[in-house]
Amino acid sequence: MKKIATLARLSILLLTGLSGLLAASAPAPASADEISVTQWGNSLYGLPYAVAMEQGLFKKAGVDITGILSSGGGGTTVRNILAGSTPYGEVAIAAALAAQREGLDVVIVNTGTRSVAESSLVTMPGSPIKSVADLAGRKVAITSPKSVSEMLFLLVLKDKGIDAAKITRVASGGYPNSLTMLEQGAVSAAALIEPLSIIRKDKYRTVYKTGDILKPMTTSVGITTRKFAEEQPQKLRAIIAGRRAGVDALYADPAAGAKILERDFKLSPAVAKEAVGNMIAAHMWSRGEFNQAELDRMIDGLRLIGEVKGDVDWHALVNAGYLPADLKGK
20 MKKIATLARL SILLLTGLSG LLAASAPAPA SADEISVTQW GNSLYGLPYA VAMEQGLFKK
80 AGVDITGILS SGGGGTTVRN ILAGSTPYGE VAIAAALAAQ REGLDVVIVN TGTRSVAESS
140 LVTMPGSPIK SVADLAGRKV AITSPKSVSE MLFLLVLKDK GIDAAKITRV ASGGYPNSLT
200 MLEQGAVSAA ALIEPLSIIR KDKYRTVYKT GDILKPMTTS VGITTRKFAE EQPQKLRAII
260 AGRRAGVDAL YADPAAGAKI LERDFKLSPA VAKEAVGNMI AAHMWSRGEF NQAELDRMID
320 GLRLIGEVKG DVDWHALVNA GYLPADLKGK
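Residue 20 is where the sequence shown starts when you use our numbering, and the numbers rise one by one after that.
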């Protein structure tokens with residue numbers, strides 16, 4: 020009996036040890052992570068991330084992204100990224116350049132959006148404003164000085180050969196504020212962005228859609244710290260690959276993307292469907308690859324508002340080495 024008991028104890032010890040060895044050798048499950056996306060919940064930049072989370076595409080790529088940190092954009096988003104345990108996020112390209120000028124440890128690792136199709140200029144239905152030329156001598160609402168809304172407006176004026184000095188730009192503080200000023204007659208036209216322009220399309224008349232005038236340009240980029248990229252390259256590649264899969268899923272099934280947009284952004288089914296359809300038609304979401312011409316067009320715009328002076332050293336700021344293999348050479 021003693022021998023049997025001893026053998027039983029030995030068997031338990033061996034099984035326990037074997038279980039421990041198996042547990043130690045098994046791959047650890049991906050830890051939950053949060054990343055930051057500029058204007059999350061307010062603009063369409065972040066929809067690929069929502070799709071990737073909903074459909075398990077981040078997990079399939081090897082990272083568990085469970086939430087998106089929102090911010091008003093610009094330096095706020097950059098600070099959120101740098102302070103996070105997983106320092107990756109999507110920001111306007113101007114914010115990435117500003118971070119570099121400030122000496123922050125930032126590197127651009129993928130592109131995000133590449134179209135200005137979500138932007139437009141609107142006026143009241145009974146307004147005499149029929150074209151850009153009719154704005155001379157009038158006031159136009161932008162969100163703030165040196166904002167994307169001001170930059171795109173100036174690029175349109177330049178494309179049409181109109182002297183920007185003949186039009187007064189009024190900073191409203193935000194797109195809804197611009198519309199209030201327009202309705203009250205304080206300005207003759209206002210810059211607007213989707214999906215707000217779709218939600219309120221029956222109240223205003225579109226003077227122009229920016230995407231019908233300007234060529235594609237890189238509007239947002241994925242950034243991280245060089246330290247994170249060097250220390251956790253696999254996680255970084257997984258994030259980029261997961262987002263890319265979200266973009267592919269959006270283009271393959273716009274209806275499913277619209278359902279996610281409807282729920283997460285609290286939009287009506289009709290508005291969500293139209294918004295996604297508009298952005299897919301403009302090919303707004305990049306799969307992550309870099310396009311030199313589209314980067315340079317954005318820099319031309321940033322020069323107009325004084326955000327960039329001189330040339331940009333892309334080699335010092337961009338690292339395409341973390342992209343999926345088929346996108347690196349594009």
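Think of the CB as a built atom: it goes at the ideal place given N, C-alpha and C, for glycine as much as any other residue.
| Check | Outcome |
| --- | --- |
| Whole alpha helix (DSSP H) elements within the region 167 to 254, 4-residue minimum | 167 to 179, 194 to 202, 215 to 218 and 245 to 250 |
| Between the CA atoms of Ser-62 and Glu-202 - distance to the nearest angstrom | 23 Å |
| Which residues DSSP lists as bridging Thr-142, in chain order | Arg-224 |
| For Lys-149, three-class secondary structure by DSSP | coil |
| Euclidean distance between Cα positions of Met-236 and Ile-299 | 15 Å |
| Nearest to Ser-216 (by Cα), restricted to the options Pro-195, Met-200 and Asp-231 | Pro-195 |
| Buried versus exposed call for Ala-155 [16 or more other C-beta atoms within 10 Å across all chains shown] | exposed |
| Length of the line joining the Cα atoms of Lys-234 and Val-189 | 25 Å |
| As assigned by DSSP and simplified to three states, the class of Trp-59 | coil |
| Those residues which DSSP pairs with Glu-53 across a bridge | Gly-86 |
| Rounded straight-line distance, which links the Cα of Lys-254 to that of Asp-13 | There is no way to answer for residue 13, as the model of the chain reaches only from 20 to 349. |
| Buried versus exposed call for Asp-283 [16 or more other C-beta atoms within 10 Å across all chains shown] | buried |
| Integer-rounded CB distance, given that Leu-140 should sit under 8 Å from Val-206 | Val-206 to Leu-140, Cβ: 11 Å. No contact. |
| Alpha carbon of Pro-67 to alpha carbon of Asn-99, nearest angstrom | 20 Å |
| Per-residue DSSP class, three states only, for Asn-129 | strand |
| Which listed residue (Val-82, Asn-129, Ile-84 and Met-170) has its alpha carbon closest to that of Gly-325 | Met-170 |
| Nearest-angstrom Cα separation, counted from Tyr-270 out to Arg-306 | 10 Å |
| Straight-line gap, Asn-351 to Val-337 (C-alpha atoms, nearest Å) | Here the chain has residues from 20 to 349 only, and residue 351 is not among them. |
| Distance CB(Ile-242)-CB(Ala-113) smaller than 9 Å | no |
| Unbroken alpha helix (DSSP H) run spanning Gln-73, endpoints | Note on identity: in this sequence residue 73 is Glu, with Gln being the wrong assignment. Glu-73 -> alpha helix (DSSP H) spans 66 to 73. |
| Endpoints, beta strand (DSSP E) assigned at Pro-158 | It should be noted that the sequence gives Lys, not Pro, for residue 158. 158 to 161 is the extent of the beta strand (DSSP E) around Lys-158. |
| Beta carbon of Met-303 nearer than 9 Å to that of Ser-134 | yes |
| Beta-bridge partners of Glu-109, as assigned by DSSP | Val-56 and Gly-241 |
| Inter-residue spacing [alpha-carbon to alpha-carbon] between Met-317 and Thr-238 | 7 Å |
| 7 Å Cβ shell around Gly-10 - same chain, five flanking residues per side excluded | Since the first and last residues shown for the chain are 20 and 349, residue 10 lies out of range. |
| Cβ neighbours of Ile-148 in the same chain (closer than 7 Å, five flanking residues each side left out) | Thr-142, Leu-154, Ser-207, Ala-208 and Val-226 |
| Pair within 9 Å by beta-carbon distance, Tyr-341 and Val-128 | yes |
| For Ile-218, the nearest candidate out of Asp-83, Arg-263, Ala-289 and Ile-186 (CA to CA) | Ala-289 |
| Contact set for Gly-103: own chain, Cβ-Cβ below 8 Å, skip 5 residues either direction | Glu-53, Ile-54, Ser-55 and Leu-88 |
| Residue environment, Lys-328, which counts as buried when at least 16 other CB atoms sit within 10 Å | exposed |
| Close-in-space but distant-in-sequence residues of the same chain around Thr-187 (CB under 6 Å, 5 per side omitted) | Lys-158 |
| Proximity below 9 Å, CB of Ala-294 to CB of Thr-229 | no |
| Integer Cβ distance of Arg-245 from Asp-124, believed to fall under 8 Å | 5 Å |
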